[in-house]
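So the protein sequences, as listed, match chains A and B. Residue numbering for the first sequence follows my numbering, beginning at 1 and increasing consecutively. Residue numbering for the second sequence follows my numbering, beginning at 1 and increasing consecutively. Positions of the beta carbon are idealized from the N, C-alpha and C atoms, including for glycine. Below you'll find the structure, written out as C-alpha cells, and then a few comments.
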Amino acid sequence: MDLMQPSDSALISLYLAGQESAFAILLERHRSRVFTTILLIVRDEDVAEDLMQDTFIKAIHTMKSGRYNEEGKFAPWICRIAHNLAIDSFRRGKRVPHISLTDNERLNNTLTIADDGPDDILAREETHTRLRALIQELPAAQKEVLLMRHYGDMSFQEIADATGVSINTALGRMRYALINLRKKMTANSLHHYDSNLTPFDTAPVCVQRIAG
Amino acid sequence: MIQTLPHSTLLQYVYNELPVERQREVEEALQHDPDLAATCADLLLAQRALDGVRREPRPQASEAILRYSRTFLSKS
Chain A
1 MDLMQPSDSA
11 LISLYLAGQE
21 SAFAILLERH
31 RSRVFTTILL
41 IVRDEDVAED
51 LMQDTFIKAI
61 HTMKSGRYNE
71 EGKFAPWICR
81 IAHNLAIDSF
91 RRGKRVPHIS
101 LTDNERLNNT
111 LTIADDGPDD
121 ILAREETHTR
131 LRALIQELPA
141 AQKEVLLMRH
151 YGDMSFQEIA
161 DATGVSINTA
171 LGRMRYALIN
181 LRKKMTANSL
191 HHYDSNLTPF
201 DTAPVCVQRI
211 AG
Chain B
1 MIQTLPHSTL
11 LQYVYNELPV
21 ERQREVEEAL
31 QHDPDLAATC
41 ADLLLAQRAL
51 DGVRREPRPQ
61 ASEAILRYSR
71 TFLSKS
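Take a look at the structure:
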C-alpha cells in the first residue's frame, strides 16, 4: 500500500467523525471493483449501477449506525455485499441482454488512454467485451471465486469462509477458472489483450503481483 | 521437468498472499524451473486480462451515492 494514502480504516474513522470527503475517497477507491463485480454477475450496466448504489447505501447505513466491524477489511466486506445483492438480483431475473443503449457514452466516459487512436481503443474495448462474455461461460463456482478474488479483493481464505469450502477447494476453483479462461481466450483468438507480456516471455519472469 | 511447487502456492504468490519467506522460496524456484516460470507467466497473463475487464460506473452514479451520504449530515 502507498504509505501516503490513508488506509480504508482511517477514512472510515474520518467519515464517522463527519468528514464527507473521506467517504468520497473511499468511494473512488472501491467503486470500480464493486461495479465490475456486480456487472459480471448481472450483465447489465444500468442494473449494475443501481446495485452499486444499493451496495454503498447499505454500507453507509452500517457504518453510520455503528455496526461496522473495524477489524474486518473494507474491500472484501463491501464486495461481499455487492456480490450478494447481485446474486439476489440475478436470481430474481431482473437481468436483461447486456448490450446497453448507453455503451457509446460509457466508452467515451471511461476510456482515457490518450496515446491510442480510436481504432486501438475500439479494438481493446471489443476484446474486453468478448472477455467478459467468456467469464460468463465459466462454471458458477469458478466464476464466483474469480470475482471474489480478482475484483472483490478477498483472500482465498476469506473466500473459503464465505462460500463454505476449504481453502484448497477455493484455490482449485480459481486455478481451473484461470485455465478455462486461458483456453477460451486462445480458442477465441484473444491474443492481443496485452502487448507487453506474451506467453513466451518467461525468462526472466518479471513478476508484478497484485498488491494485497 | 517436474514442477517444484504446487499450483496453489503459485496462485497465492501471484495474488500476493504468501508471507515474505515463502515468496522468496517461490522466486528461487522460478529461477530454476522454466515450466514453473511459464505457468507463472500464464497466470500473470490471465491477471492482466482480468484487470482490463474492470469498468467504471458513470460519474452520476457516484454522485448520487455522495448526495445520499450527505443527507446524514443534516440529521446529525
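Next on the checklist: Would you say Glu126/A lies against chain B (beta-carbon separation less than 9 Å)?
Outcome noted: False, the Cβ-Cβ gap to chain B never drops below 9 Å.
Exercise. Applying the criterion that 16 or more other CB atoms from any shown protein chain within 10 Å of the CB defines a buried residue, is Ser62/B buried or exposed?
Worked result: Ser62/B counts as buried, since at least 16 other C-beta atoms from the protein chains shown sit within 10 angstroms of its C-beta.
Looking at C-alpha atoms only, which residue of Gln19/A, Leu131/A, Ser65/A and Ile41/A is the closest neighbour of Ala187/A?
-> The option with the nearest alpha carbon to Ala187/A is Leu131/A.
message: Please identify the residue among Leu5/B, Ile65/B and Leu73/B whose C-alpha is closest to the C-alpha of Ala29/B.
response: Answer by Cα proximity: Leu5/B.
### Gln142/A, buried or exposed, once every other Cβ within 10 Å from all chains shown has been counted against 16
By the Cβ neighbour-count rule, Gln142/A is buried, with 16 or more other Cβ atoms within 10 Å of its own.
**OP:** Output the distance between the C-alpha atoms of Gln59/A and Ala22/A, rounded to the nearest integer angstrom.
**Re:** Checking the displayed sequence, the identity of residue 59/A turns out to be Ala instead of Gln. Each residue's alpha carbon lies about 14 Å from the other.
Quiz prompt | Close Cβ partners of Ile12/A (< 8 Å) along its chain, the five nearest in sequence each way excluded | solution = Excluding five sequence positions before and after Ile12/A, the CB atoms of its chain that fall closer than 8 Å to its own CB belong to Ala22, Leu26, Met63, Tyr68, Glu70 and Phe74, given in chain order.
If you measure from the beta carbon of His98/A to each beta carbon in chain B, is any gap under 9 Å?
In this prediction, His98/A scores a pLDDT of 41, lower than 50, which makes its location untrustworthy; the coordinate-derived value is nonetheless stated afterwards. Judged by the 9 Å Cβ criterion, His98/A is not in contact with chain B.
Which same chain residues, not among the five before or five after Pro76/A, have their C-beta less than 7 Å away from its C-beta? If we look at Pro76/A and ignore the five residues flanking it on each side, its Cβ neighbours are Gly152, Asp153, Met154 and Glu158.
Checklist entry - Is there at least one Cβ from chain A nearer than 9 Å to Val20/B's Cβ? => result Judged by the 9 Å Cβ criterion, Val20/B is not in contact with chain A.
Cβ-based neighbour list, Ile87/A, same chain, cut-off 8 Å, excluding 5 preceding and 5 following
Excluding residues within five positions, the ones whose Cβ falls inside 8 Å are Ile41.
Alpha-carbon to alpha-carbon, Thr9/B and Leu181/A: In this structure, the CA atom of Leu181/A is about 19 Å from the CA atom of Thr9/B.
Is the beta carbon of Thr36/A closer than 9 Å to that of Arg55/B? The answer is yes: Cβ separation under 9 Å.
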